[in-house]
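J.: Shown below is the structure under consideration.
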Amino acid sequence: MQSEILTSSANFELVEALTKYSARFFIVGGTAVRYHLPERDSGDLDILIEPSAKTASAVISALSSCPLISTADLTVEKLIQPQKIQIPAKIHFYADILKPAYDFDFDLHWAQAHDARIGQIPVKVASVKTLLALLVDSNEPKHASDISLLVSISG
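Be aware that the sequence shown starts at 28, since it is given in the numbering used here, and climbs by one per residue.
Encoded structure:
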């Protein structure tokens, strides 16, 4: 049985739209840390998208179907650029959509991700190893705490 990921109810619409348009993504950030360590409080929902033209197009379509989200500045070309990007979606949702840097092996981390669900929607959630890889270069205090927690269970 898949474990349920708890998030703001406003995020169900976003996850449902991303799934409807076949965007390939998994859950990262504090919500993913909480999946592995339930004692950790989580805030927003961080969604890491596959850096591909197919997923970029799906993300634009999904966001276009959601109220209050402007996609005027989003293009497939922008979403497949090699640098990390963040699409804030907090006008309507309590979520951010992230794209990894060019050196992140999305397929490898996808294969390591855990099956979970948000409501009744199947999703993938980052493994501990993936979360540590994403946090390794961060200087934010909240990330230092997450790294310590994740290292304690990484075996």
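Backbone N, C-alpha and C fix where the C-beta goes; we use that ideal spot for every residue, glycine too.
As the structure is a prediction and not an experimental result, all values here were calculated from the model.
Answer with buried or exposed for ASP130, where buried requires no fewer than 16 other C-beta atoms within 10 angstroms of its C-beta.
T.: Label assigned to ASP130: exposed.
J.: Cβ atoms of ALA122 and LEU45: under 7 Å apart, would you say?
T.: Result no, Cβ atoms of LEU45 and ALA122 do not sit closer than 7 Å.
J.: CB-CB under 6 Å to GLU66, same chain, minus the five flanking residues each way: which ones, in chain order?
T.: No residues qualify anywhere along the chain.
J.: Which of the three DSSP states, helix, strand or coil, is assigned to SER97?
T.: SER97 falls in the coil class under three-state DSSP.
J.: Cα separation between SER84 and VAL103?
T.: Their backbone Cα atoms lie some 6 Å apart in a straight line.
J.: Between LYS169, ASP132, SER175, ALA138, which lies nearest to PRO78 when the distance is taken from Cα to Cα?
T.: With distances taken between Cα atoms, PRO78 lies closest to ASP132.
J.: If you compare alpha carbons, which of SER181, ASP173, VAL178 is closest to VAL60?
T.: When each option's Cα is compared against that of VAL60, the closest is ASP173.
J.: Would you mind reading off the limits of the alpha helix (DSSP H) that contains ASP123?
T.: Where ASP123 is concerned, there is no enclosing alpha helix (DSSP H), although the beta strand (DSSP E) it sits in stretches over 122–126.
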